[in-house]
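Chains as they are written, first to last, in our numbering: chain R, 8 to 325; chain D, 8 to 325.
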């Protein structure tokens, strides 16, 4: 086993941080280390926290960390939300608030910057989760803005997905209808001391009821929880519901490792194959002058891009 | 030339609508029709309208359509925003408001639903723009939520990108910093009758100034415009700035067709190659039992996904 893998498994923070940043930058060699870590993964519980910018996700995460630490649990945080103070994108006050965990050795916070093509973000997130999992973190919190296909794919990797809303943002509830509502295991209405909280509760519950088959006892019924994160209100309830959802999953699937399900294994394999092929394609095209010639033929109007791509494909790949 | 292509070029709405929905659904045969349309494209002016849910993008689009129609211009609208009333995702009042254009033959509105993998959304949007362009629309407005890599890629295809914000959403301005700010040619602060509009203006202008090389006269300086879309306030100014930006592009590039630039041609060719390869990969994997065997080996814990994907790749593709 490589030294890096050994260090990560022993919980070495610097080795883990370097590995995650190498994953994020798509460096070669990373796959071999992840392969070594793989047998040591599958034990962490992954919580996805998702919601529009400004709903207070980061403060909520901060409070969840605090609560989990009181329970003597170790925590990893992966910030994908570009506006998160965890990833450095927020106003000063938030950033200072976050730093209170930075001296706690059992809290490991990393942000992922890559927004590159080739499904890079999904694979980097999977890799970062694996690193923290192999380090032995009990809980891994993934914070995302939750819009766009990439982010929906990431949210699907969490064991429990928490969708955060605020009152008075009627359009937001409309927005989550498209795609992400189905991914929500727990709904949090944060900033619940603001006007409109009851209406937001009602709207959301009506919407959730519509998606429900109420006769099916084996189906998870997503709870809606009101929180005021800066005051810590409702945080205990969020943790309780996360634990209840965890028990539900274990009862239903027999384990918490999504790779040990047919659909989880299928999805991950497909993602890896696609990522690798894209790498290969880009690599071959970069080395080849035919691509530049084709670009010029489109630019000059000599060829249309359909014909040009057909020609490249038939001579290089298919 | 195919009958469909002929009909689209002659402006036939039903043929165009069917073609766009076939593009969106990824039907085969669509590429051949797009190839036929290609020589008839490159004349429409594409305006991207982007911003978070709830900022009032659709009302703004509605008013822009109205203004352009008064100038006797024909308009196409492509709604990618899942919350847009144009794509059916909004509250009743908005949807009714939009319908006032539905009897105007020179306004052609379509929504794209595909949020599939393989960069599908970017290619579908490119295809829908080409169809409307070939129909002879003077302006094509693309409305997106503007978060996520897919949407940033789409925004980059517009000649002029309008980023819509509202006052009092400080976090929103933080959010656009990451990735999308650079794509904005015009900034609109909508709902400018609300409190906080001056602060939003100042914040935004400070941020824009930071990104500016003020000594460079050949650089576009994005204007910031205040609007109250339901009352039509500021709309004329938005159109004026769009026209000013159009003149700027023509002066700088010599034409408005992005495919006739090296970077535009390169990007489109790469996207097409990637899309085609992904189609091919999925097609081959679906037909092959080795993929299912590999999935089962991951699920059972016999193999890790890195090894399994290596094996599939070396036996099938590389």
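Even glycine gets a Cβ: it sits at the ideal position worked out from N, Cα and C. Note that the coordinates shown come from a computational prediction; the quantities given were computed from them, not determined experimentally.
- Counting along the chain, residue 116/D sits inside no alpha helix (DSSP H); it lies in the beta strand (DSSP E) bounded by residues 114 to 118.
- The Cβ atoms of residue 114/R and residue 54/R lie no closer than 9 Å to each other.
- The beta carbon of residue 322/R does not come within 9 Å of any beta carbon belonging to chain D, so the residue lies off that interface.
- With at least 16 other beta carbons inside 10 angstroms of its own, residue 140/D counts as buried.
- At least one C-beta of chain R is nearer than 9 Å to the C-beta of residue 303/D.
- Close to chain D, meaning a Cβ-Cβ distance shorter than 7 Å, are the following residues of the region 252 to 277 of chain R: 266, 267, 268, 269, 272, 273, 275, 276.
- If you look at residue 63/R, you'll find it isn't in any beta strand (DSSP E); DSSP assigns it neither H nor E.
- Of all residues in the region 285 to 318 of chain R, those with a C-beta nearer than 9 Å to a C-beta of chain D are 285, 287, 288, 289, 292, 298, 299, 301, 302, 303, 304, 305, 306, 307, 308, 311, 312, 313, 314, 315, 316, 317, reading in chain order.
- Counting C-beta atoms within 10 angstroms of its own C-beta, residue 248/R has 16 or more neighbours from the protein chains shown and is therefore classed as buried.
- Rounded to the nearest whole angstrom, the C-alpha separation of residue 239/R and residue 70/R is 6 Å.
- The Cβ neighbour count for residue 16/R, taken over all protein chains shown within 10 Å, is at least 16; the residue is labelled buried.
- Going by beta carbons, residue 27/D and residue 172/D fall outside the 9 Å limit.
- When secondary structure is reduced to three states using DSSP, residue 268/R falls in the coil class, being assigned neither helix nor strand.
- Interface criterion not met: the Cβ of residue 206/R is under 9 Å from no Cβ in chain D.
- Beta-bridge analysis with DSSP links residue 146/D to 52/D, 82/D.
- Our two residues, residue 284/D and residue 269/D, have alpha carbons roughly 23 Å apart in a direct line.
- Here residue 152/D carries a coil assignment [DSSP, helix/strand/coil].
- DSSP places residue 320/R within a helical segment (H, G or I) once states are collapsed to three.
- Between the C-alpha atoms of residue 277/D and residue 72/D there is a straight-line separation of about 33 Å.
- Following the DSSP letters along the chain, one finds residue 249/R in no beta strand (DSSP E) but inside the alpha helix (DSSP H) bounded by residues 242 to 260.
- The three-state secondary structure of residue 172/R, taken from DSSP, is strand.
- Of all alpha-carbon atoms in 236/D, 106/D, 8/D, the one lying nearest the alpha-carbon of residue 63/D is that of 236/D.
- In the three-state reduction of the DSSP assignment, residue 57/D falls in the strand class, which pools E and B.
- With contacts defined as CB atoms closer than 9 Å, residue 321/R and residue 301/R fail to qualify as a contacting pair.
- For residue 39/D, the closest Cβ of chain R is nearer than 9 Å.
- The beta-carbon distance between residue 132/R and residue 85/R, rounded to whole angstroms, is 6 Å. This is short enough to meet the 8 Å contact definition.
- Excluding the 5 residues flanking it on each side, residue 241/R has same chain C-beta neighbours closer than 6 Å at 232, 233, 234, in chain order.
- Counting only Cβ-Cβ distances below 8 Å, residue 70/R has no contacts in chain D at all, with the closest Cβ about 18 Å away.
- Taking a contact to require three or more Cβ pairs closer than 8 Å, the region 259 to 273 of chain D and the region 293 to 309 of chain R qualify as touching.
- Interface annotation, residue 280/D: in contact with chain R, CB-CB separation under 9 Å.
- Per DSSP, residue 14/D is not a residue of any beta strand (DSSP E); the alpha helix (DSSP H) it occupies stretches across 10 to 16.
- With a threshold of 9 Å between beta carbons, residue 174/D makes no contact with chain R.
- In this structure, 243/D is the residue among 287/D, 312/D, 243/D with its C-alpha nearest to the C-alpha of residue 78/D.
- At least 9 Å separates the beta-carbon of residue 145/D from that of residue 45/D.
- In the DSSP annotation of this structure, the continuous segment of the alpha helix (DSSP H) that includes residue 30/R starts and ends at 20 to 31.
- If you check each beta-carbon in the region 30 to 60 of chain D against every beta-carbon of chain R, the ones closer than 7 Å belong to 38, 41, 42, 45, 59, 60.
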